[in-house]
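So the structure is just underneath, and the comments pick up after that.
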Amino acid sequence: MTTKLTSAPKNTMLSTKTENLIFDSLNALAMLFVCVLTLYPFINTMAVSFNDSIDAVRGGIYLWPRMFSLKSYETILIKTSSIPTSAMISATRAILGTGLAIPMSMMLAFVMTRRDYVLRGVVTKLVLFTMYVSGGLIPTFLTFRMYGLMNNFLVYILPTTISAFNVLVMRSFIDGLPFELTESAKIDGASEYRILFTIIFPLSLPVLATIGLFVAVSQWNMWFDTMLYCSSAKGLSTLQYELKKVLDSASSMAGDTVSAEAAASSASEGQSGRVTTQTIRAAMTVISVVPIACIYPFLQKYFVKGMTLGAVKG
Amino acid sequence: MSTDQRTLRSALNGPRRGDSLPRLLWKQRQLIILSLPVIFVFFFSYFPLWGWIIAFQNYKVAFKGSLFQQQWVGLENFVALFKEDTFLRSLRNSLGIGLLTIICSYFFTLLLAVLLNEIKVSWFKRTVQTISYLPHFVSWVVAANLIFVTFSPDNGIVNELLLRLGIISSPISFMGLPSIFWLIAAFSEVWKASGYGAIVYLAAMTAIDPALYESADIDGAGRIRKIFAITLPSIAPTIKILLVLSIGRLLSVGFEKIFVLRTPSTTETGTTLEIYIYDFALKYALFSKGAALSIFNSLVSIVLIVLSNFAARGLDGEGIM
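These protein sequence lines map, in sequence, to chains B and P. 0 is the number of the first residue of the first sequence in numbering that gives the first Met the number 0; add one for each residue after it. 0 is the number of the first residue of the second sequence in numbering that gives the first Met the number 0; add one for each residue after it.
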């Protein structure tokens, strides 16, 4: 800074300062615009979800509910069972899916870093190629049906257990740990299992947090497998799939007044108040976003690291 | 070889001269057991490839025999497919949406990263980044919901703004306009993925030597000049590699995105190859044709990926695979 002050002629310095000021202000404005663009749809949906249904049809709700009401939430959370059940299924698959994917991916990532392992190349190639080869929708569907995965909870967690990307990110991380750790443990007579689970595992917590977040979020967000494999099993519906169904039923996007029964597919009969698909949909969106929005900011430093690791190694 | 080294070699179970393969495998049995999760890959990624044979058959769902006893028809399904107008149209849509998405998301992700990098107030930068990640973490169903509401002709914010500004005189149903569906698809991706995608560029930017900026200051370079003369050239390798890689994914437009964003009125421009496959399978139960299309899609994708990988290798002397 001091070098600049002494060496730059006075008028250039002034113009540089002005340029900086203009640039910074415009940049700040642009960034605020990005924030508004990103957040407005979420805030607006939240406002609509807390608004009275009939009143919301009039429109004009932006950032804050005009007539506060919890009826939409009451309808989907208490008066019907389909949303709480499907949310439970979504949460269960997120927890079990992560619990399965983490150790399995970790094992593969570990053997892929062992340069002395004879089958290292084979295992690495088998995992890598899954990024490029896929059976496609129909062959996969027919195969999974053959496995008996139709209307089976396992279809949610088994096929997604190993993801090449996740394994690669973990591999890059373990590769960065000093190999001497493994070496000295081997000399002390530790088994491979012991090395993995008592030495490598605790040291890999940052990358585990990253991958854990990725897996849990993608599990929570999945709906297509529900539609494809479990659409006839009511008890296996997921929150996102329920949301998808409501989105479909409200294709006109108008604030059409329908009874709660039609909106949330299995609402109980004979309700007094009427709710519209518009607010029901908004409330369901809020319910499905809130858990994620509460978690990801705290894991930020981990997934930023994980993303960078993944990018380096492809 | 000293005793110490020998202990070390044998302790590590590494390959040694004179070790036969079975002996070596036995020595490394624990590692082999730890490799068992590849079973998942076999079952869920490779075995479904068997299903490709139905592309060469006239597959009947109700048929009672084994898969191999179905009627074989050779390349008939492929020939029939290539003659269809709908196939060509969905190929055009896939390419169109793919290209537009790559161009738009490329430009805006880079722009966002550059602008974020220029913010000197760290709490502001962190806040903007945290907010910009949010859409990445929500599902496409949620994203589509928000997009439909935003563009809705009934009180949607976009229509309301345009009406108030007097640009349009009556609300437009944007999501039902076939002519802008490609744009909607591309900008949905920009909205959802830019903030998260910027991470990679920002990481590359942290590696730039601050001395470069300092000497540029001495030379009296302005902010914009520095962006073009230092920041962008410094991260050029990252930019190139990511561009090349995204070309490899050209045909994988993103099934879920299109599936939730399309409406009956945007069928004409919103039916991509992947959607077309889905229609075959679930609407018309034409499994063989759908599988043929899957194979076509996979082959083109693999060719694109291999080509782009070669290109990446040429760019920085090092491939991705």
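Cβ atoms here follow ideal geometry from the backbone N, Cα and C, with glycine treated the same way.
Out of the options, state which residue places its alpha-carbon closest to the alpha-carbon of residue i.
i: P:Ser300; options: P:Asn308, P:Arg312, P:Ser251, P:Asp216; result: P:Ser251
i: B:Met169; options: B:Leu136, B:Gly134, B:Pro102; result: B:Pro102
i: P:Ile223; options: P:Leu110, P:Glu255, P:Ser93, P:Ile53; result: P:Leu110
i: B:Ala281; options: B:Leu235, B:Ser14, B:Val56; result: B:Val56
i: B:Pro97; options: B:Leu212, B:Ser190, B:Gly147, B:Asn151; result: Strictly speaking, residue 97 of chain B in this sequence is Thr, with Pro absent from that position. Minimum Cα distance to B:Thr97 is reached at B:Leu212.
i: B:Gly234; options: B:Ser171, B:Ile82, B:Val206; result: B:Ile82
i: P:Phe173; options: P:Lys239, P:Thr262, P:Leu99; result: P:Thr262
i: B:Ile194; options: B:Pro205, B:Leu76, B:Met106; result: B:Met106
i: B:Thr276; options: B:Phe22, B:Asp54, B:Leu20, B:Val35; result: B:Asp54
i: P:Met204; options: P:Lys225, P:Gly194, P:Leu231; result: P:Leu231
i: B:Arg20; options: P:Leu281, P:Gly221, P:Tyr283, P:Val140; result: Note that residue 20 of chain B is Leu in the sequence shown here, rather than Arg. Among P:Leu281, P:Gly221, P:Tyr283, P:Val140, the Cα nearest to that of B:Leu20 is on P:Gly221.
i: B:Phe41; options: P:Val40, P:Lys191, P:Asn92; result: P:Lys191
i: P:Trp139; options: B:Val122, B:Arg273, B:Gln239; result: B:Gln239
i: B:Lys243; options: P:Ala142, P:His135, P:Gln29, P:Glu83; result: P:Ala142
i: B:Leu148; options: B:Val121, B:Ser230, B:Val33; result: B:Ser230
i: B:Leu167; options: B:Thr123, B:Glu179, B:Lys185; result: B:Thr123
i: P:Leu241; options: P:Leu133, P:Ile102, P:Gly73; result: P:Ile102
i: P:Asp153; options: P:Leu164, P:Pro170, P:Val137; result: P:Pro170
i: B:Asn171; options: B:Lys16, B:Ser104, B:Leu36; result: It should be pointed out that residue 171 of chain B corresponds to Ser in this sequence rather than to Asn. Residue B:Ser104 is the option with its Cα nearest to B:Ser171.
i: P:Trp49; options: P:Arg91, P:Arg22, P:Ile294, P:Ser307; result: P:Ile294
i: P:Ile32; options: B:Val33, B:Tyr72, B:Val110; result: B:Val110
i: P:Tyr195; options: P:Asp216, P:Thr108, P:Gly289, P:Glu255; result: P:Thr108
Along the chain, where does the alpha helix (DSSP H) that runs through residue i open and close?
i: P:Val252; result: No alpha helix (DSSP H) holds P:Val252; DSSP gives it neither H nor E.
i: B:Arg144; result: 136 to 145
i: P:Glu83; result: Looking at the DSSP string, P:Glu83 is not in any alpha helix (DSSP H), and its letter there is neither H nor E.
i: P:Arg163; result: 156 to 163
i: B:Asn165; result: 163 to 175
i: B:Ile220; result: What sits at residue 220 of chain B in the sequence shown is Asn, not Ile. Element bounds for B:Asn220: 204 to 220.
i: P:Arg28; result: 28 to 33
i: B:Asn151; result: Run containing B:Asn151: none; DSSP gives neither H nor E here.
i: P:Gln68; result: Element bounds for P:Gln68: n/a, residue is neither H nor E.
i: B:Cys293; result: 276 to 294
i: B:Lys185; result: 178 to 186
i: B:Pro102; result: 81 to 112
i: P:Arg125; result: 121 to 136
i: P:Phe173; result: Counting along the chain, P:Phe173 falls outside any alpha helix (DSSP H), and DSSP gives it neither H nor E.
i: B:Val123; result: Before going further, note that residue 123 of chain B is Thr rather than Val in the sequence given. Start and end: 119 to 128.
i: P:Gly219; result: From DSSP, P:Gly219 is part of no alpha helix (DSSP H); its letter is neither H nor E.
i: B:Ser71; result: 70 to 73
Quick one: what's got a C-beta closer than 6 angstroms to residue i's C-beta in the same chain, skipping five residues either side?
i: B:Ser271; result: In this prediction, B:Ser271 scores a pLDDT of 42, lower than 50, which makes its location untrustworthy; the coordinate-derived value is nonetheless stated afterwards. Excluding residues within five positions, none has a Cβ falling inside 6 angstroms.
i: P:Phe180; result: Thr265, Thr268, Gly269
i: P:Ala112; result: Ala197, Tyr200, Leu201
i: P:Leu303; result: Gly247, Leu249
i: B:Ala93; result: Ala215, Gln218, Trp219
Cutting at 7 angstroms between CB atoms, please list the residues of its own chain near residue i, excluding the five before and the five after it.
i: P:Ile167; result: Leu161
i: P:Ser264; result: Gly175, Pro177
i: B:Ala232; result: Asn150
i: B:Phe297; result: none
i: P:Gly155; result: Val148, Thr149
i: B:Ser251; result: Bear in mind that a pLDDT of 41 at B:Ser251, under 50, signals an unreliable position, so the model cannot answer this.
i: B:Ile75; result: Ile82, Ala263, Ile279, Ala282, Met283
i: B:Ile88; result: Leu235, Ser236, Thr237
i: B:Met306; result: none
Ordered along the chain, which non-local residues of its own chain (more than five positions away) have a Cβ less than 8 angstroms from that of residue i?
i: P:Thr237; result: Val199, Tyr200, Ala203
i: P:Gln68; result: Phe62
i: P:Val157; result: Thr149, Phe150, Phe173
i: P:Ser89; result: Thr270, Thr271, Leu272, Ile274, Tyr275
Note down, in chain order, all residues in the stretch 282 to 294 of chain B with a beta-carbon under 9 angstroms from any beta-carbon belonging to chain P. Met283, Thr284, Ser287, Val288, Ile291, Ala292, Ile294
Interfacial residues, the stretch 279 to 291 of chain P to chain B, with Cβ spacing under 7 angstroms: Ala280, Phe286, Gly289, Ala290
Could you run through the stretch 31 to 44 of chain B and flag, in chain order, every residue whose CB is less than 9 angstroms away from some CB of chain P? Leu31, Val33, Cys34, Leu36, Thr37, Leu38, Tyr39, Pro40, Phe41, Asn43, Thr44
With a threshold of 8 angstroms, are at least 3 pairs of Cβ atoms found where one atom belongs to the stretch 127 to 138 of chain B and the other to the stretch 207 to 226 of chain B? no
With a threshold of 8 angstroms, are at least 3 pairs of Cβ atoms found where one atom belongs to the stretch 23 to 38 of chain B and the other to the stretch 116 to 126 of chain P? yes
Is it a yes or a no for the stretch 238 to 255 of chain P touching the stretch 89 to 98 of chain P, going by three-plus beta-carbon pairs under 8 angstroms? yes
Got a sec: which bits of the stretch 155 to 172 of chain B sit with their beta carbon under 7 angstroms from any beta carbon on chain P, in order along the chain? Leu157, Pro158, Thr160, Ile161
Cβ contact (3+ pairs, closer than 8 angstroms) linking the stretch 278 to 285 of chain P and the stretch 121 to 135 of chain B: no
May I ask you to list, following chain order, the residues of the stretch 201 to 224 of chain P that have a beta carbon less than 8 angstroms from some beta carbon of chain B? Ala202, Glu213, Asp216, Ile217, Gly219, Gly221, Arg222, Ile223
Three or more beta-carbon pairs under 8 angstroms between the stretch 141 to 153 of chain P and the stretch 60 to 79 of chain B, yes or no? no
Quick one, which residues of the stretch 133 to 152 of chain B are near chain P if we go by CB-CB under 8 angstroms, in chain order? Ser133, Gly134, Gly135, Leu136, Ile137, Pro138, Thr139, Phe140, Leu141, Thr142, Phe143, Tyr146
Is the stretch 195 to 207 of chain B touching the stretch 35 to 45 of chain P in the sense that three or more CB pairs, one from each, lie closer than 8 angstroms? no
Between the stretch 219 to 235 of chain B and chain P, which residues of the former have CB atoms less than 7 angstroms from a CB of the latter, in chain order? Asn220, Trp222, Phe223
Give the residues from the stretch 236 to 258 of chain P that approach chain B closer than 7 angstroms (Cβ to any Cβ), ordered along the chain. Glu255
Taking any Cβ of chain P, which residues in the stretch 14 to 32 of chain B have a Cβ under 7 angstroms from it, in chain order? Thr15, Glu18, Asn19, Phe22, Asn26, Ala29, Met30
Please list the residues of the stretch 175 to 193 of chain B that have a C-beta atom closer than 9 angstroms to any C-beta atom in chain P, keeping them in chain order. Thr181, Glu182, Lys185, Ile186, Asp187, Gly188, Ser190, Glu191, Tyr192
Beta carbons nearer than 7 angstroms to chain B: which residues of the stretch 118 to 143 of chain P have them? Ile118, Val127, Thr129, Ile130, Ser131, Tyr132, Leu133, Pro134, Phe136, Val137, Ser138, Val140, Val141, Ala143
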